[in-house]
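Enquirer: Each protein sequence line maps, in turn, to chains A and B.
The numbers in full-length UniProt numbering rise by one with no breaks, and the one at position 37 of the first sequence is 37.
The numbers in full-length UniProt numbering rise by one with no breaks, and the one at position 6 of the second sequence is 6.
For every residue, glycine included, the Cβ atom is placed at its ideal position computed from N, Cα and C.
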Amino acid sequence: MKNNVPQTTAALWDDPSIVAIRRDMLRFAQLQLRDSGAAEDMVQEALMAAMSNAKSFAGRAALKTWMFAILRNKIVDYIRSSSREICGSDFIQNPGADTDIQDFDALFDRRGFWNPDDRPATWSDPDASLEQKEFWAVFDACLNNLPEQIARVYMMREFLEFETGEICRQLGISNGNCWVILHRARMGLRECLENRWFQGGAIA
Amino acid sequence: MMNCKEATRLMSEGYERKLTLRERLALKMHRLMCIGCTNYGKHLGFLRRAAQRLREGGAGSER
Chain A
1 MKNNVPQTTA ALWDDPSIVA IRRDMLRFAQ LQLRDSGAAE DMVQEALMAA
51 MSNAKSFAGR AALKTWMFAI LRNKIVDYIR SSSREICGSD FIQNPGADTD
101 IQDFDALFDR RGFWNPDDRP ATWSDPDASL EQKEFWAVFD ACLNNLPEQI
151 ARVYMMREFL EFETGEICRQ LGISNGNCWV ILHRARMGLR ECLENRWFQG
201 GAIA
Chain B
1 MMNCKEATRL MSEGYERKLT LRERLALKMH RLMCIGCTNY GKHLGFLRRA
51 AQRLREGGAG SER
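#1: When the Cα of A:D125 is compared with those of B:I35, B:N39 and B:R9, which residue comes out closest?
#2: At 4 residues or longer, what runs of the alpha helix (DSSP H) sit wholly inside the UniProt domain "RNA polymerase sigma-70 region 2" (22 to 84) of chain A?
#3: Does the segment 39 to 54 of chain B come within contact of the segment 155 to 165 of chain A, defined as at least 3 CB pairs closer than 8 Å?
#4: Please decide whether B:T20 counts as near chain A, where near means a Cβ-Cβ distance under 8 Å.
#5: Would you kindly report the start and end of the unbroken alpha helix (DSSP H) that includes A:Q149?
#6: Would you identify the three-state DSSP class for A:Q199, choosing helix, strand or coil?
#7: To which residues of the same chain is A:Q32 closer than 6 Å at the C-beta, ignoring the five residues directly before and after it?
#8: From the DSSP output, in three-state form, read off A:W114 for me.
#9: Which residues, taken in chain order from the segment 117 to 128 of chain A, show a beta carbon closer than 9 Å to some beta carbon of chain B?
#10: Check A:F162 in the structure and name its three-state DSSP category.
#11: Is the beta carbon of B:A59 sitting closer than 8 Å to the one on B:H30?
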């Protein structure tokens, strides 16, 4: 029985659907870790774990969701175990953080109200975009445009579902600081999507 | 009246902590009068849904 395992596994890995899922997993891991070696390892480990616990799924989408859940857990473990290396000293010392706040200040007038040109527009049927491959390419690009540390906090929060408190502890920053970083990430991401994807939507 | 800079910050913080009653009311008042911030609030909701889709593997070329 044991002898069959490597063979079965190898056969599964060559299956076109697994190859496609693996590619998407790798993209996801690279987005979080910005380290292709570590990302490759995480995906490999997640696939191994998935294969050794495989059960049946109602379709490929459900299988993929499950494999992504395993991958997220692997990435979370990895981040927790290496938190000392990525810890927050660069957050506190990084002067770039303040510059970014000022950039967003430019969106508002002196009294803190939207400049007419920067006022968020009405997006028509944004959820339809979630089905489009091109949208996700823009979304990736917008994430990559964020300052690295801001993107890291945002992804820990939104993609890996860390509690804000844990992110703050790991990075050695205050809750308030963490909220400001998340606010900046959302503001930057929103603006980027509006400019690069939703532009053309009528302003109501 | 609360300004847009403050309103956008609070809308984001609303995902991280429970806003006080006073904050929620001020935000509501502001949004009633500000289409930009009303849109902003909807966009944050959209970002949430996009993030969920991405973390569940639904953002790829293959479903």
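Expert: Inspection of the coordinates gives the following:
#1: Residue 125 of chain A sits at position 125 when you count from the first residue of the first sequence. For the residues B:I35, B:N39 and B:R9, the minimum Cα distance to A:D125 belongs to B:N39.
#2: For the UniProt domain "RNA polymerase sigma-70 region 2" (22 to 84) of chain A, whole alpha helix (DSSP H) runs of length 4 or above, ordered along the chain, are 36 to 52 and 60 to 81.
#3: Contact holds between the segment 39 to 54 of chain B and the segment 155 to 165 of chain A, because three or more Cβ pairs, one in each stretch, are under 8 Å apart.
#4: Locating residue 20 of chain B in the second sequence gives position 20, where the first residue counts as 1. For B:T20, the closest Cβ of chain A is not nearer than 8 Å.
#5: Within the first sequence, residue 149 of chain A is the residue found at index 149, counting from 1. Segment E148 to E158, the alpha helix (DSSP H) holding A:Q149.
#6: Numbered from its first residue, the first sequence carries residue 199 of chain A at position 199. DSSP places A:Q199 in strand when its eight states are reduced to three.
#7: For this step, residue 32 of chain A is matched to residue 32 along the first sequence. Hits under 6 Å: I75 and M155.
#8: Here residue 114 of chain A refers to the residue found at position 114 of the first sequence. Residue state, collapsed to three classes: strand.
#9: Residues D118, R119, P120, A121, T122, W123, P126 and D127.
#10: In the first sequence, the residue the question calls residue 162 of chain A occupies position 162. DSSP places A:F162 outside both helix and strand once states are collapsed to three, so it counts as coil.
#11: In the second sequence, the residue the question calls residue 59 of chain B occupies position 59. In the second sequence, the residue the question calls residue 30 of chain B occupies position 30. No, they are not a contact pair.
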